[in-house]
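Residue numbers (the working numbering): 90 to 627. Structure record follows, encoded as structure tokens.
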């Protein structure tokens with residue numbers, strides 16, 4: 090591969106396009122603030138709760154469908170050890186959106202919450218919410234390498250530099266871009282991001298399918314031709330792992346910005362279909378990569394998988410099987426979408442840390458201090474996220490880990506806070522500890538954590554214990570039961586006078602909702618921190 094000047098120029102153009110749209114949206118939001126009764130927080134984070142159905146579908150889908158989605162799906166389908174059956178992301182997200190629309194969108198939107206942590210802060214207070222926020226913060230940090238790998242892959246294919254170096258270069262660009270840019274109205278940049286992704290995918294796919302260097306996909310789907318069938322195979326021992334990975338779903342706060350509850354639910358349902366449509370082209374491209382005779386291409390042998398470049402399957406296919414113009418525009422669009430996603434990830438992690446964690450440690454914070462904390466946090470999160478790519482360069486690995494933490498630790502907390510009125514802070518703490526400890530004891534190969542807690546079917550493979558049991562779901566359900574049991578037990582003990590009231594640290598006996606009905610309110614430091622996230626001054 091050689092240096093593609095035109096490709097690099099196209100990447101810069103798409104970066105500037107995303108940045109320009111963000112600046113325009115930022116200026117528009119400042120005008121909106123002056124006429125809004127909801128204040129800067131609702132305008133900044135939720136677009137004054139006026140996001141229409143069309144824009145809502147764009148932003149909900151673009152939250153997950155970016156460069157990482159495209160490259161990750163194609164990589165998994167192409168990987169001979171995985172295949173289509175393990176490319177769970179499109180179907181998983183679709184089901185997640187449907188469940189979110191059926192059960193979570195209504196209570197979250199009806200109570201006018203601004204962030205996903207607001208219901209916890211209203212019921213449990215700022216201190217416990219800060220503790221709970223650690224997991225979403227770690228989850229967001231885990232998401233950073235997902236987007237950086239996709240950016241690095243794009244830069245690598247244009248520059249012919251090593252992937253690791255390209256990831257660091259991409260990280261540096263993303264961090265500087267984010268520090269200088271501030272937090273813009275992501276809803277508008279998401280519209281551009283999804284448009285770029287849609288056009289690039291459906292522009293490149295027909296050219297890929299029209300090439301004559303691959304064997305009929307219907308044949309290679311079931312037969313070993315150049316490598317294992319691209320449909321993949323689900324061994325009996327892997328069924329529970331597949332189910333566990335599929336259930337590790339996520340939900341996002343984009344529905345909170347909808348103009349109404351009905352719109353919020355419709356956004357979820359429509360986005361569920363859109364994400365499937367967007368998942369088709371990378372699946373086809375991954376299948377073509379698995380069916381290609383590389384000796385007939387300018388890439389040559391050995392194959393990308395044999396060279397350790399499985400993560401680059403999609404850009405390699407576009408480079409060698411499509412016209413140069415299609416390749417440049419397609420990869421430039423994917424790069425622009427990936428940069429938009431990286432920017433959002435860095436800011437999301439920084440926002441959680443600054444609003445929920447740092448202001449808990451420092452009660453009185455000056456504007457200048459918060460500005461530097463925000464900037465330093467972006468740099469630290471970017472550096473840590475980039476360093477994580479040394480542990481594993483597969484896009485899907487960190488995607489699963491990020492969803493893993495949210496699923497095992499935060500999902501039972503969210504279920505209880507929204508649907509179980511008797512849940513208490515004691516139950517939340519107990520469930521939090523149980524989920525976290527169990528998940529760590531189950532082990533994690535990416536971080537070289539040994540499996541101390543071994544469920545039935547756990548086996549030693551190549552020196553690493555592999556859990557065959559659905560341990561993530563087991564951790565999640567254990568946490569859910571713990572929250573319910575401890576909440577009921579502590580309520581009974583204190584209300585019946587079995588334990589003295591002076592021991593009731595969380596005041597479950599007299600606990601009442603003190604927040605107004607129009608939504609959770611943030612403290613002055615929280616508002617101050619969020620306002621500074623919007624500051625574009627350097």
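Quick reminder that beta carbons are idealized off the backbone N, C-alpha and C, glycines included. Remember, predicted model here, so these are calculated numbers, not experimental data.
*Cβ of residue 364 within 7 Å of Cβ of residue 182?*
yes
*Measure the alpha-carbon distance for residue 520 versus residue 101 and round it to whole angstroms.*
Straight-line spacing of the CA atoms in residue 520 and residue 101 works out to 46 Å.
*asked:* For residue 389 and residue 383, which I take to be in contact (beta-carbon distance under 8 Å), what is that distance rounded to the nearest angstrom?
replied: 6 Å
_For residue 245 and residue 97, believed in contact at Cβ under 8 Å, the rounded distance_ = Not quite, the Cβ-Cβ distance comes to about 12 Å (not below 8 Å), so this is no contact.
*With residue 487 and residue 234 assumed to form a contact (beta carbons below 8 Å), what rounded beta-carbon distance in angstroms separates them?*
At roughly 5 Å, the Cβ-Cβ gap stays under 8 Å, so residue 487 and residue 234 are in contact.
_Exposure label - residue 164; buried when at least 16 CB within 10 Å_ = buried
_Touch test, the region 201-212 against the region 392-412, Cβ-Cβ under 8 Å, three pairs minimum_ = no
*At a cut of 8 Å, does the region 286-305 reach the region 403-410 through at least three beta carbon pairs?*
The region 403-410 and the region 286-305 touch, with three or more beta-carbon pairs separated by less than 8 Å.
*By how many angstroms is the C-alpha of residue 192 removed from the C-alpha of residue 201?*
Their Cα atoms are separated by approximately 16 Å.
*Apply the 10 Å Cβ neighbour rule to residue 272 and answer buried if 16 or more other Cβ atoms are within range, or exposed otherwise.*
The pLDDT assigned to residue 272 is 49, lower than 50, so where the model puts this residue is not dependable; a value taken from the coordinates is nonetheless given after this. The residue in question, residue 272, is buried, as its Cβ has 16 or more Cβ neighbours within 10 Å.
*Output the distance between the C-alpha atoms of residue 462 and residue 206, rounded to the nearest integer angstrom.*
Roughly 21 Å between the two C-alpha positions.
*asked:* Between 557, 515, 541, which has its C-alpha nearest residue 572's C-alpha?
replied: 515
_residue 162 vs residue 178 beta-carbon contact at 7 Å_ = yes
*asked:* Taking the alpha carbon of residue 243 as the reference point, which residue from 404, 478, 445, 430 has its own alpha carbon closest?
replied: 404
*Does the separation of the CB atoms of residue 470 and residue 438 fall below 7 Å?*
yes
*Inter-residue spacing [alpha-carbon to alpha-carbon] between residue 436 and residue 106*: Going by C-alpha positions, residue 436 is about 19 Å away from residue 106.
*Is the CB-CB distance between residue 551 and residue 399 below 7 Å?*
No, they are not a contact pair.
*Please work out which residues of its chain come closer than 7 Å, Cβ to Cβ, to residue 332, disregarding the five sequence neighbours upstream and downstream, and give them in chain order.*
559.
_Is there a Cβ of chain B sitting closer than 7 Å to that of residue 351, yes or no?_
Of the protein chains in the structure, only one exists, and it is not chain B.
_Rounded C-alpha distance that separates residue 252 from residue 284_ = 27 Å
*Straight-line CA distance for residue 506 to residue 588?*
25 Å
*For the beta strand (DSSP E) that residue 554 lies in, which residues bound it at each end?*
Start and end: 553-555.
*Quickly, what does DSSP pair residue 236 with across the bridge? List them, please.*
According to DSSP, which records beta bridges pairwise, residue 236 is partnered with nothing at all.
*Determine the closest residue to residue 562 out of 146, 295, 501, with distance taken between C-alpha atoms.*
501
*How close, in whole Å, do the beta carbons of residue 422 and residue 288 come, if the pair is a contact with beta carbons under 8 Å?*
About 6 Å separates the beta carbons of residue 422 and residue 288, which is inside the 8 Å limit, making them a contact pair.
*Mapping DSSP to helix, strand and coil, what is residue 303?*
strand
*Leaving aside the five residues before and after residue 196 along the sequence, list all residues of the same chain whose C-beta is less than 7 Å from its C-beta, in chain order.*
Here the set comprises 507.
*Whose C-beta lies closer than 6 Å to the C-beta of residue 314 among residues of the same chain, with five residues either side of it excluded?*
304
_I need the straight-line Cα distance from residue 369 to residue 581, nearest angstrom please._
53 Å
*Would you list the residues sitting across from residue 381 in a DSSP beta bridge?*
303
*Would you kindly work out how many angstroms separate the C-alpha atoms of residue 542 and residue 476, rounded to a whole number?*
28 Å
*Who does residue 548 pair with in a DSSP beta bridge?*
555
*asked:* Assuming contact is defined by CB atoms lying nearer than 7 Å, are residue 544 and residue 361 in contact in what I supplied?
replied: no
*Buried or exposed: residue 568, going by 16 or more other Cβ atoms within 10 Å of its Cβ?*
buried
*asked:* Runs of 3 residues minimum, wholly inside the region 195-253: which ones carry the beta strand (DSSP E) assignment?
replied: Within the region 195-253, no complete beta strand (DSSP E) run reaches 3 residues.
*Using DSSP with H/G/I as helix, E/B as strand and the rest coil, what is residue 538?*
Correct three-state label for residue 538: strand.
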